[in-house]
Amino acid sequence: MSSPTWDEFAELALKRITAAGAEYGDIRVQDSTTEQIEGEDRRISAIRDIKDVGFGVRVLYRGAWGFAASSILSLEEVPRVADLAVEIAKGSASVALEKVRLAPEPVHRDRIVTPYRIDPFHVPIEKKTDLLLTTMEALHRQAGIARSSVSLWARRDRKLFVSTEGSHLEFNLLAGQGECTATALHEDRFASRSFNTPHLRKGYELIEEADLLREASRVAAQAVEKVKAPAVDAGQYDLVLDPEHLSLTIHESCGHPSELDRALGYEANYAGTSFLTTEKLGTFRYGSSHVNLIADNTEPDTLAATGYDDDGVSCQKWDVIRDGIFVGYCTNREVAPKIGEARSHGSNRADGWGSVPIVRIANIGLEPGSATVDQLLADVKRGIYIEGHGSYSIDQQRYNFQFGGDAFWLIENGKRTRMVRDVIYHGITPEFWNSCDGVAERSARRRYGFITCGKGQPGQSGWMTHAASPARFRQVQVIRGEGQS
Amino acid sequence: MTAVSGKPWPHMTSRDEFRFLADLVFKRSSSEHTIVNLRDHHTGTTRFANNQVVQNVDTRRGVLAVTVAFGGRQGTASTTDFTAGAIQDTVTRAERIARVSPLDPEYLPPPAPYEFHARATAKPETVAAGPSRRLEYANEAIGQCRMENLLAAGVVSSSVTAVGIAANNGLFGYEHRGEARFSLTVRAGDATGWSAAAHRSIDHLKVQERTLVAIKKAKCSCEVQDLPVGYYPVILEPAAVAGLWAWLLWSLDAKAYTKGTSPFAGRLGELILDDRLSLRNSPDHPDLLGEGFTAEGLPSGASVWIEHGVLRQLAYDRFTAKTDGVDPIPTLEAPVLSIEGLPVASIQDLVKNTERAILVTNFWYIRPVNDRNLLLTGMTRDGTFLVEKGEIVSAVKNFRFHDSPLTLFQQIGAWTHPLEAVNAETGKMLVPAMTLPRFHFSSVTRF
Numbered sequence: 001m002s003s004p005t006w007d008e009f010a011e012l013a014l015k016r017i018t019a020a021g022a023e024y025g026d027i028r029v030q031d032s033t034t035e036q037i038e039g040e041d042r043r044i045s046a047i048r049d050i051k052d053v054g055f056g057v058r059v060l061y062r063g064a065w066g067f068a069a070s071s072i073l074s075l076e077e078v079p080r081v082a083d084l085a086v087e088i089a090k091g092s093a094s095v096a097l098e099k100v101r102l103a104p105e106p107v108h109r110d111r112i113v114t115p116y117r118i119d120p121f122h123v124p125i126e127k128k129t130d131l132l133l134t135t136m137e138a139l140h141r142q143a144g145i146a147r148s149s150v151s152l153w154a155r156r157d158r159k160l161f162v163s164t165e166g167s168h169l170e171f172n173l174l175a176g177q178g179e180c181t182a183t184a185l186h187e188d189r190f191a192s193r194s195f196n197t198p199h200l201r202k203g204y205e206l207i208e209e210a211d212l213l214r215e216a217s218r219v220a221a222q223a224v225e226k227v228k229a230p231a232v233d234a235g236q237y238d239l240v241l242d243p244e245h246l247s248l249t250i251h252e253s254c255g256h257p258s259e260l261d262r263a264l265g266y267e268a269n270y271a272g273t274s275f276l277t278t279e280k281l282g283t284f285r286y287g288s289s290h291v292n293l294i295a296d297n298t299e300p301d302t303l304a305a306t307g308y309d310d311d312g313v314s315c316q317k318w319d320v321i322r323d324g325i326f327v328g329y330c331t332n333r334e335v336a337p338k339i340g341e342a343r344s345h346g347s348n349r350a351d352g353w354g355s356v357p358i359v360r361i362a363n364i365g366l367e368p369g370s371a372t373v374d375q376l377l378a379d380v381k382r383g384i385y386i387e388g389h390g391s392y393s394i395d396q397q398r399y400n401f402q403f404g405g406d407a408f409w410l411i412e413n414g415k416r417t418r419m420v421r422d423v424i425y426h427g428i429t430p431e432f433w434n435s436c437d438g439v440a441e442r443s444a445r446r447r448y449g450f451i452t453c454g455k456g457q458p459g460q461s462g463w464m465t466h467a468a469s470p471a472r473f474r475q476v477q478v479i480r481g482e483g484q485s
Numbered sequence: 486m487t488a489v490s491g492k493p494w495p496h497m498t499s500r501d502e503f504r505f506l507a508d509l510v511f512k513r514s515s516s517e518h519t520i521v522n523l524r525d526h527h528t529g530t531t532r533f534a535n536n537q538v539v540q541n542v543d544t545r546r547g548v549l550a551v552t553v554a555f556g557g558r559q560g561t562a563s564t565t566d567f568t569a570g571a572i573q574d575t576v577t578r579a580e581r582i583a584r585v586s587p588l589d590p591e592y593l594p595p596p597a598p599y600e601f602h603a604r605a606t607a608k609p610e611t612v613a614a615g616p617s618r619r620l621e622y623a624n625e626a627i628g629q630c631r632m633e634n635l636l637a638a639g640v641v642s643s644s645v646t647a648v649g650i651a652a653n654n655g656l657f658g659y660e661h662r663g664e665a666r667f668s669l670t671v672r673a674g675d676a677t678g679w680s681a682a683a684h685r686s687i688d689h690l691k692v693q694e695r696t697l698v699a700i701k702k703a704k705c706s707c708e709v710q711d712l713p714v715g716y717y718p719v720i721l722e723p724a725a726v727a728g729l730w731a732w733l734l735w736s737l738d739a740k741a742y743t744k745g746t747s748p749f750a751g752r753l754g755e756l757i758l759d760d761r762l763s764l765r766n767s768p769d770h771p772d773l774l775g776e777g778f779t780a781e782g783l784p785s786g787a788s789v790w791i792e793h794g795v796l797r798q799l800a801y802d803r804f805t806a807k808t809d810g811v812d813p814i815p816t817l818e819a820p821v822l823s824i825e826g827l828p829v830a831s832i833q834d835l836v837k838n839t840e841r842a843i844l845v846t847n848f849w850y851i852r853p854v855n856d857r858n859l860l861l862t863g864m865t866r867d868g869t870f871l872v873e874k875g876e877i878v879s880a881v882k883n884f885r886f887h888d889s890p891l892t893l894f895q896q897i898g899a900w901t902h903p904l905e906a907v908n909a910e911t912g913k914m915l916v917p918a919m920t921l922p923r924f925h926f927s928s929v930t931r932f
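Here the protein sequences come in this chain order: A and B. Note that this note's numbering has the first sequence beginning at 1, numbered continuously upward. Note that this note's numbering has the second sequence beginning at 486, numbered continuously upward.
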């Protein structure tokens, strides 16, 4: 006898939910394959092929949620888990104050497939390990490099979403990334410099187009330059931030505060709340008129562009900050009606079959301006150009932040000159974005993604992409990140 | 399987079943060395916010990972499907990787068989706890907050995990681990108070007591004053101490030490902190989350890491240990920080004996700024107060700090006995609350 299909499992679960009297239910069946290859110090340290299969059932009963999930996909386990989800929802309902009311969404029946040119799972492992070993050799070829690390990552998610409303969505999604890091030693100091391809929904062509070997030579030389560079003098500087660096600044200071569940207090015990409280919607000046931050879950290749979210809502594009004014949240079907919105923005995602979907940051990107990068630099007398990610931290309402970076160059009289090290800048989110007086043109736009955005209890990893062109910020406070003076 | 209480529990992989699965892997594997890791995890979390349940989940995930090696070429594959066909596929995938994997100069055969210490890692009351017990605790916290016209947000969770390791050289370990957690943030506008607990026994979460603590902190936080940034004496509660020490613990890595990329480089055997401080691993302590063995098959045991301020121990992976001619030892999983001398009885006594200081309940988003000297940054959170003349006089707006535990813990003022400490970003520890003379608050936020 052949084993039941995913559709048959879904039908079995949803029948139980409906028979139990639930007003809504859905099931996600998912088969995820991850290949992770890691190297350090001229050796391949790990190759892992991870298969993660299971299903999760979500139930809304008398306005309250229950969720249960299991890695055992069988005719015995599916009804047990569906019944457990109902039982849990009934428990939640027994203490509910305000019933959950889902924003309406049309029924969707669709199949989403990530386009790709080269399937990363069909590229021979030895080709990948050769690339990584050669990359590490290139890193160590630079005198002064003491340590190296490299990695390649690929993931395929096959997923089925079926709801009691009749939506039926099949997904076959792909994502990948690669990186290398060199660490240089000098006197009693060490410093690292990295090259990261963005995390994108692309095939292995993402790695081939990145040219890791060329980038390895560059970052190794810059690691040595960085460790020997003078520490920055603390003070106020104009900053020009590159797209990779900005991806993190956008993520932390705009992405998280624009999650409506945070603004409504759902995350108060862990990730925190948001200074972008609901009365500010449509009126609050978040940034200067140069600042336009747009959520776009429809842009091809980006991590949150999955066609539909885990509410079964189709992916959309909307304004979060328009001409500096805060105008839109990331929402799901549960929280959108709480601020009078008729439809969810489709930002409800789980990190796998075993997790309940929660509001996640969308692909929020900074809209390009009209200046060239040279024009941005030309108008800076004393500034710092920052590339890549470094130390980062932000308060639980997302006001007070500090960011480092991966590499720093002084800007003197309009020119990028020499490297400095240990740059940390800090500020208050709306003050910082109001100091933005220029964004570079579209040709300088780049996209960087995150797959480790932590939120929720139990903790989940969110995936999203942030695109930006370099942008300039005036008179930002910089401190020297090397300890007490 | 039936739990001790008699309540049904979804069937977790038993010791005999794990041995059967491991033997099946060994039979199917043609490799020189084969290691099988089991992690069969069943967890439930009831999450509440704005005084009602917003998320209520139960997840069961079993994972079997197979690592094989042919003469120093290794590969790992894992599956969540424990059927014979899936296990055969997993072995095949691991072998396919190993056959084409480059020779790893640091490869070592599996650890020799070891009689792992049996620890009481799964308490029956935790194993038996289900959604109704979690809901009962959540309601207790919510009910107290409603009575005070405050908002409760938090979680109650319980889990049980069957963990196993087996190798084809006879290495075998298996244990059940249970764990329960409670954390609560009480809100009064922007003012918040917080408390948290983690324990092997769900009966030891002290939900009512911790709820009252969080309520008191929230109520005391309603009127805040704006203090200038600078250096202040501080009273750090246990969660705040644990937040700083977590980064110190994670940096005690022998490989980084030998490669020159450790903040401790060249300082093993030297005085690095206040000479009254000692740090031990105590996996048998009933209030800690000690384990019998690690995922690499190393035993977890009592050990001394910092003794009277002197750095005595680093975490050695097996290859670095072999190179250095020492025993491998995993990172501490049950840390106890103690201070020699006469402690005060309580945090309240620390406050009473303080002329002027900032009292910090907890830190948030602690991250390294400089790996060379372990300079950290982070924010105060959920109860930051000005203490003057032995009393809390007001709440203060939350600060960002930039400081290093290697500087901060050079001189301890006063301290309590080690107390249970857990927060959102660290594991559980026993650490004293303490006063420190000089702490660098570098900026202030809006609330």
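Every residue, glycine too, gets a C-beta built ideally from N, C-alpha and C.
Check                                                                                                                        : Outcome
Backbone secondary structure at A/Asp26 - three-state DSSP                                                                   : strand
A/Arg426 at chain B interface by Cβ criterion, 9 Å                                                                           : According to the sequence provided, residue 426 of chain A is His. The question's Arg does not apply to it. A/His426 counts as touching chain B.
B/Ser490 (DSSP reduced to helix, strand or coil)                                                                             : Because B/Ser490 sits at a pLDDT of 36, beneath the cut-off of 50, its placement in the model cannot be relied upon, and the point is left open.
Same chain, Cβ closer than 7 Å to A/Asp406, five either side skipped, listed in chain order                                  : Arg193, Ser194, Glu387, Gly388, His389, Gly390
A/Gln484 at chain B interface by Cβ criterion, 9 Å                                                                           : Residue placement at A/Gln484 is poorly supported in this model, since its pLDDT is 49, which falls under 50; the coordinates still yield a value, given next. So, interface residue.
Own chain, CB closer than 8 Å to A/Arg418, minus 5 neighbours either side, in chain order                                    : Ala229, Trp409, Leu410
Within-9 Å CB hit, A/Trp433 to chain B                                                                                       : no
Neighbour flag for B/Pro853 against chain A, beta carbons, 9 Å                                                               : yes
Neighbourhood of B/Ala579 by C-beta distance below 7 Å, restricted to the same chain and skipping five residues each side    : Val551, Thr552, Val553, Gly560, Thr561, Ala562
Nearest-angstrom Cα separation, counted from B/Glu591 out to A/Ile72                                                         : 36 Å
Beta carbon proximity, A/Gly410 to chain B, threshold 9 Å                                                                    : With the sequence shown as reference, residue 410 of chain A is identified as Leu, and Gly is not the correct amino acid for it. Chain B contact via Cβ: absent.
Stretch-stretch touch, CB-based, cutoff 8 Å, three pairs: the segment 392-405 of chain A with the segment 239-250 of chain A : yes
Three-way DSSP call (helix, strand, coil) for A/Trp353 in this model                                                         : coil
Alpha-carbon spacing of B/Ser586 relative to A/Gly25, whole angstroms                                                        : 45 Å
Helix, strand or coil at A/Gly186 according to DSSP, with G and I counted as helix                                           : Reading off the sequence, residue 186 of chain A comes out as His, not Gly. Of the three classes helix, strand and coil, the one that applies to A/His186 here is strand, per DSSP.
Below-9 Å beta-carbon distance, A/Tyr266 vs any chain B residue                                                              : yes
Runs of beta strand (DSSP E) wholly within the segment 868-922 of chain B (minimum 3 residues, chain order)                  : 876-881, 884-888, 904-906, 914-916
Burial state of B/Met632 (16 or more Cβ within 10 Å)                                                                         : exposed
Touch test, the segment 903-917 of chain B against the segment 721-731 of chain B, Cβ-Cβ under 8 Å, three pairs minimum      : yes
Buried versus exposed, by CB contacts within 10 Å (16 or more), A/His199                                                     : buried
Minimum Cβ-Cβ distance from B/Gly560 to chain A less than 9 Å                                                                : yes
Reference B/Arg540; option with closest CA among B/Pro616, B/Ala676, B/Ile572                                                : Checking the displayed sequence, the identity of residue 540 of chain B turns out to be Gln instead of Arg. Residue B/Pro616 is the option with its Cα nearest to B/Gln540.
Same chain, Cβ closer than 6 Å to A/Ile50, neighbours up to 5 away in sequence not counted                                   : Thr34
CA-to-CA distance, A/Ala96 to B/Asp543, given in whole angstroms                                                             : 19 Å
Same chain, Cβ closer than 6 Å to A/Pro430, neighbours up to 5 away in sequence not counted                                  : Tyr286
Per-residue DSSP class, three states only, for B/Tyr742                                                                      : helix
8 Å CB neighbourhood of B/Arg581 in its chain, flanking five on each side removed                                            : Gly560
Residue-chain proximity (B/Pro609, chain A), Cβ-Cβ < 9 Å                                                                     : no
C-beta atoms of A/Arg115 and A/Ala444 nearer than 9 Å                                                                        : The residue you asked about is not Arg; residue 115 of chain A is Pro in the sequence shown. Going by C-beta atoms, A/Pro115 is not nearer than 9 Å to A/Ala444.
Terminal residues of the alpha helix (DSSP H) in which B/Gly628 lies                                                         : 616-632
Whole-angstrom distance between A/Glu187 and A/Cys180, CA atom to CA atom                                                    : 24 Å
Within chain A, partners of B/Asn535 - CB distance below 7 Å                                                                 : Gly265
Beta-carbon neighbours of A/Thr183, restricted to chain B and to distances below 7 Å                                         : Thr746
Cβ contact check for the segment 804-820 of chain B and the segment 837-853 of chain B: 3 or more pairs under 8 Å            : no
Contacts of A/Lys280 in chain B (Cβ-Cβ under 9 Å)                                                                            : Going along chain B, no residue has its Cβ under 9 Å from A/Lys280, so there is no contact; the nearest lies around 13 Å.
Residues within the segment 104-130 of chain A neighbouring chain B, beta-carbon criterion of under 9 Å                      : Pro124, Ile125, Glu126, Thr129, Asp130
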